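A.B. asks: Below is one structure. I have some questions about it.
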Amino acid sequence: MSTPTTKNITAATTRTLTPPRVRLDRERQLLAPGQTVSSPETRLAYSVERLLGHGGFGQVYLARRLGRSSTIAETVCIKASARIDGWLREAYFGQLLHGHPRAIRVFEAFPLMRPDGEVLYCLALEYARHGDLSSYLERTGKGWRERTARREIAGVLEVLGKLHRGQMLHRDLTPLNVFVCDGLSLKLGDFGITRHQSDRRGITARTMNAMTAPSDILAG
Numbered sequence: 001m002s003t004p005t006t007k008n009i010t011a012a013t014t015r016t017l018t019p020p021r022v023r024l025d026r027e028r029q030l031l032a033p034g035q036t037v038s039s040p041e042t043r044l045a046y047s048v049e050r051l052l053g054h055g056g057f058g059q060v061y062l063a064r065r066l067g068r069s070s071t072i073a074e075t076v077c078i079k080a081s082a083r084i085d086g087w088l089r090e091a092y093f094g095q096l097l098h099g100h101p102r103a104i105r106v107f108e109a110f111p112l113m114r115p116d117g118e119v120l121y122c123l124a125l126e127y128a129r130h131g132d133l134s135s136y137l138e139r140t141g142k143g144w145r146e147r148t149a150r151r152e153i154a155g156v157l158e159v160l161g162k163l164h165r166g167q168m169l170h171r172d173l174t175p176l177n178v179f180v181c182d183g184l185s186l187k188l189g190d191f192g193i194t195r196h197q198s199d200r201r202g203i204t205a206r207t208m209n210a211m212t213a214p215s216d217i218l219a220g
């Protein structure tokens, strides 16, 4: 997962360079059904189908991968935002948790230039077929047997344990950020709100240059 690279800003960047926050108009869809978006790095394209929801980071769309890939699922979520900070964090922590069976997978991250010149920051994410845990329980009225619930909760705690061992905090562990996937297995997601504890000393991953690849962030 990568984007074109410029390394003029290092991994230890001070808060003084943090870009201004961009207010998202929730009435305005950033992407349109039928629109094709593509990564300039991998050249993979995705066909946007419909808006699934929106939150503090941006908007989430159901999309289908166009073309062949052995590593990216055919059905994905495209998360789009006008803000770079959450995009960088989710790409960064998604890479750190890459391959963990209880973490929503981040397939790739890429910037997208709109015709009007606005830059959107996109993530191709694993699609949780049944949505977030809160919505699933409200919609179905069904839960899990105690033994199954213990197993699923333990799986989510495994992800948290890995974050904590790396001195990272998810900061908002709620049923809205736990997702129900195939087989009704639970996975933790929404890593755009995860922070490294070093942030309190004035260091943050969110101030990376927009063109720095997540793989380069990991390499330092």
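Positions 1 to 220 (the UniProt record's numbering) are the ones given, in order, by the sequence shown.
Positions of the beta carbon are idealized from the N, C-alpha and C atoms, including for glycine.
These numbers were taken from a predicted model, which means no experiment stands behind them.
Can residue 119 and residue 112 be called in contact, C-beta distance under 9 angstroms?
C.D. replies: yes
A.B. asks: With 16 other CB atoms within 10 Å as the buried threshold, where does residue 43 fall?
C.D. replies: exposed
A.B. asks: Let's test the definition: count the other Cβ atoms within 10 Å of the Cβ of residue 50 and tell me whether it reaches 16, buried, or not, exposed.
C.D. replies: exposed
A.B. asks: So, at 7 angstroms on beta carbons, what are the nonlocal neighbours of residue 90 in its own chain, with the 5 sequence-adjacent residues on each side left out?
C.D. replies: 106, 123, 191 and 192
A.B. asks: Which stretch, first to last residue, makes up the beta strand (DSSP E) that contains residue 54?
C.D. replies: 45-54
A.B. asks: In terms of residue numbering, what span does the beta strand (DSSP E) encompassing residue 139 cover?
C.D. replies: Not the beta strand (DSSP E): residue 139 falls in the alpha helix (DSSP H), residues 133-140.
A.B. asks: Where does residue 153 land, buried or exposed, given buried means 16+ other C-beta within 10 angstroms?
C.D. replies: exposed
A.B. asks: Secondary structure at residue 127, three-state DSSP: helix, strand or coil?
C.D. replies: coil
A.B. asks: Who does residue 59 pair with in a DSSP beta bridge?
C.D. replies: In DSSP, residue 59 forms a bridge with 54 and 80.
A.B. asks: Work out the CA separation of residue 142 and residue 77 for me, nearest whole Å.
C.D. replies: Near 25 angstroms, if we compare the C-alpha coordinates of residue 142 and residue 77.
A.B. asks: So for residue 152, helix, strand or coil by DSSP?
C.D. replies: helix
A.B. asks: Compute the Euclidean distance between the alpha carbons of residue 14 and residue 70, then round it to the nearest angstrom.
C.D. replies: Since pLDDT at residue 14 reaches only 25, below the 50 mark, its modelled position is unreliable, and no value is offered.
A.B. asks: Could you check whether residue 180 and residue 128 sit closer than 9 angstroms to each other, using their CB atoms as the reference points?
C.D. replies: It is a contact, given that the beta carbons lie within the stated cut-off.
A.B. asks: Quick one: what's residue 181 bridged to in DSSP?
C.D. replies: Partner(s): none; residue 181 has no beta bridge.
A.B. asks: Under 7 angstroms Cβ to Cβ from residue 158, same chain only, skipping five residues before and after it: list those, please.
C.D. replies: 102
A.B. asks: Nearest CA to the CA of residue 131: which residue from 188, 87 and 149?
C.D. replies: 188
A.B. asks: Does DSSP put residue 22 in a helix, a strand or coil?
C.D. replies: Its pLDDT being 42, under 50, residue 22 is placed unreliably by the model, and the measurement read from it follows with that caveat. It is coil, neither helix nor strand.
A.B. asks: Using DSSP with H/G/I as helix, E/B as strand and the rest coil, what is residue 108?
C.D. replies: strand
A.B. asks: Taking residue 59 as the reference, give the member of 65, 80, 47 and 46 with the closest Cα.
C.D. replies: 80
A.B. asks: Taking C-alpha atoms, which residue in 45, 94, 61 and 165 lies nearest to residue 36?
C.D. replies: 45
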